[in-house]
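With my numbering applied, the sequence shown covers 9 to 55.
These notes concern the structure reproduced below.
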Amino acid sequence: MQIGSYKLKNKLIVAPMAGVTDRPFRKLYKKMGAGMAVSEMVSSNSL
9 MQIGSYKLKN KLIVAPMAGV TDRPFRKLYK KMGAGMAVSE MVSSNSL
């Protein structure tokens with residue numbers, strides 16, 4: 009799969025989840041073989 013000029017190694021993409029996808033979790037997803045993991049979802053009220 010390719011997104012623009014970035015080629016993913018597989019089609020497994022971890023969705024953003026509030027309070028769950030912090031850096032340690034993203035590193036774990038990468039270690040487990042995820043093609044892409046996005047940063048944590050942010051509520052507009054907290055900005």
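No residue lacks a Cβ here, since even glycine has one placed at the ideal position from N, Cα and C.
(message) Measuring alpha carbon to alpha carbon, tell me which residue in ILE11, THR29, ILE21, VAL50 is nearest ALA42.
(response) The residue among ILE11, THR29, ILE21, VAL50 with its C-alpha nearest the C-alpha of ALA42 is ILE21.
(request) Could you give the DSSP three-state label for LYS39: helix, strand or coil? (result) Looking at LYS39 - three-state DSSP - the assignment turns out to be helix.
(request) Using the Cα positions of LYS17 and SER52, report the straight-line distance between them to the nearest angstrom. (result) Spanning the two alpha carbons is a distance of roughly 32 Å.
(message) On the DSSP bridge list, what partners appear for LYS15?
(response) GLN10, per the DSSP bridge assignment.
(message) Using DSSP's beta-bridge definition, name the partner residues of ALA45.
(response) Bridge partners of ALA45: VAL22.
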